[in-house]
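Numbering (our numbering), first residue to last: 32 to 412. Where a beta carbon is used, it is the ideal one built from N, C-alpha and C, also for glycine. First up is the structure itself, then whatever we jot down about it.
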């Protein structure tokens, strides 16, 4: 079982990088394209051959013709190939799709990133739109939406889903961190990863993470950058840029199932408190994925003013345009928070994104409560 993806590669005429976390379906998507040369660097023999003699890649390119399409899967495994990719574009007029789960090794190795000649696209876990009628929100909150996880869950094989997710962190450490030599101290990174997962969706205090994981604070910041570069998660910063140097960001992992696996919580259903963080994580990731797929020029942040906070603030080219507070119960925004927000942003739309409500409601204080699907649709309008 497979689902049509919102990201359509066959409609793009130029060259591109396609980055995405492991197991999001990059290889499956690439193999459906009609290419003139497909290089699979996940194959150990092929990787070894090109690592020993990258010029072989150039020899293959020279046998092709203008506008031929070349696909290189997991290009970060042999960064030296990028020099020949640039020659292929400039001297032959070839098109390239280069996939990977991280640009970190390419950047750190001063690899040629083609000087802006290639688009930079992202592939994420499945969105609710892509899964369509099969989408189950409880599944998404408990086990995430990695394609293989979704299809396994829908077959009723929940134990297999848990095994897949438990294996994810092991494979990530082995193939993304250890094999790519992103850090020398793998055991310290593993401790950090476990602590970072426990703080998913919360304000990050680097000193606290350092203390709990027995890792220096400077190393903690470096480890968070590894998580970002390998697309395992990203920071959500406060809106006020003038405050960012001293403000504390939040960190969201890219998938609810993966973060629950790292938290060792897959066996039990989410607690009410956990469900709140998971719903917020799910909704933030849906916004980010749909924004990128639909090429919306929006920036996501959160708003904080003393004790008052709104989960997500959407900023467009003309400034803040929409604020979204995620709720898993029938609760709404407190009057104090609403008043503080309205004082700062009198004309910005303010919504409560509801897990429970099936229909929109408008309260006497002007706050509009939207079912989560409708909130996503409003975001895209």
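The Cβ neighbour count for residue 360, taken over all protein chains shown within 10 Å, is under 16; the residue is labelled exposed.
Nearest in C-alpha terms to residue 195, of all of 307, 293, 83 and 396, is 293. By the Cβ neighbour-count rule, residue 135 is buried, with 16 or more other Cβ atoms within 10 Å of its own. For residue 90, the closest alpha carbon among the candidates 163, 161, 68 and 245 is that of 68. Residue 283: member of the beta strand (DSSP E) spanning 281-284, first to last residue. Only residues of its own chain outside the window of five on either side were considered, and among them 331 have a CB closer than 7 Å to the CB of residue 319, listed in chain order. By the 16-neighbour rule on beta-carbons within 10 angstroms, residue 32 is exposed. In the three-state scheme derived from DSSP, where H, G and I count as helix and E and B as strand, residue 179 is classed as helix. The residue among 185, 151, 400 and 118 with its C-alpha nearest the C-alpha of residue 34 is 185. In terms of Cα proximity to residue 57, the closest of 155, 81 and 305 is 155. In the three-state scheme derived from DSSP, where H, G and I count as helix and E and B as strand, residue 163 is classed as helix. Look at the beta carbons and you see the stretch 283-301 not touching the stretch 238-256: under three pairs across the two are nearer than 8 Å.
According to the DSSP assignment, residue 406 belongs to the alpha helix (DSSP H) that extends over 403-411. By the CB criterion at 8 Å, residue 114 and residue 72 fall outside the cutoff. By the criterion of a C-beta distance shorter than 6 Å, residue 99 is surrounded in its chain by 67 and 125, once the five residues flanking it on both sides are discounted.
The Cβ atoms of residue 171 and residue 285 lie no closer than 8 Å to each other.
For the stretch 300-373, the continuous beta strand (DSSP E) assignments of 3+ residues that do not extend past its boundaries occur at 330-336, 339-347 and 350-358, in sequence order. Assignment of residue 112 by DSSP, reduced to helix, strand and coil, places it in the helix class. The Cβ atoms of residue 347 and residue 324 do not sit closer than 8 Å to each other. Between residue 207 and residue 256, the CB-CB gap reaches or exceeds 8 Å.
For residue 149, the uninterrupted beta strand (DSSP E) run begins and ends at 149-153, by DSSP.
Runs of the alpha helix (DSSP H) spanning 4 or more residues and lying entirely within the stretch 38-80 occur at 57-62, in chain order.
Separation of the CB atoms of residue 279 and residue 236 is rounded to 6 Å, and the pair is thereby assigned contact status at 8 Å. Taking a C-beta distance under 8 Å as the contact criterion, residue 222 and residue 244 qualify as a contact pair.
The three-state secondary structure of residue 385, taken from DSSP, is strand. Cα atoms of residue 409 and residue 262: separation of roughly 27 Å, rounded to the nearest angstrom. A Cβ-Cβ contact shorter than 8 Å links residue 282 with residue 231.
Residue 127 is bridged by DSSP to 101. Spatial neighbours of residue 209 in its own chain (CB-CB distance under 6 Å, excluding positions within 5 residues in sequence) are listed in chain order as 217. In the structure shown, residue 393 adopts extended strand secondary structure according to DSSP, grouped into three states. DSSP places residue 298 in the coil class of the three-state scheme, outside both helix and strand. In the structure shown, residue 264 falls within a strand segment according to DSSP collapsed to helix, strand and coil. When DSSP states are grouped into helix, strand and coil, residue 168 belongs to the helix group.
In the displayed model, residue 250 falls within a helix according to three-state DSSP.
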